[in-house]
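Once you know that position 31 of the sequence shown is 31 in the UniProt record's numbering, the rest is easy, because the numbers rise by one and skip nothing. Even for Gly, the Cβ is constructed at its ideal location relative to N, Cα and C. All figures in this text were calculated on a predicted structure; none of them were measured in a lab.
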Amino acid sequence: MKYAILDGKLTHISKVKKGTIAREFGYSDQLVIAVGGRERKYWKYLDVKRTRLYQAA
């Protein structure tokens, strides 16, 4: 996925640093984290354990 909701705005992956946490753009509203290297960047879903930590804060 290339877009996520960060600070209430639709944000492209190229505009954020690796490790940035945001919400999925779409129906589920799950937490996602920016990952990638030199060639490719993308948003991936946080696992259940990490998601609980961020939702508690």
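Pairwise C-alpha distance: residue j and residue i
i: lysine 41; j: valine 35; result: 6 Å
i: arginine 23; j: leucine 6; result: 7 Å
i: leucine 31; j: glycine 19; result: 12 Å
i: lysine 17; j: lysine 44; result: 14 Å
i: alanine 4; j: histidine 12; result: 7 Å
i: lysine 2; j: glutamate 39; result: 14 Å
i: phenylalanine 25; j: serine 14; result: 15 Å
i: tyrosine 27; j: aspartate 47; result: 18 Å
Per-residue burial, residue i [other beta carbons within 10 Å of its own, 16 or more giving buried]
i: leucine 10; result: exposed
Identity of the residue in the options nearest residue i by Cα
i: glycine 8; options: Asp29, Ser14 and Gly19; result: Asp29
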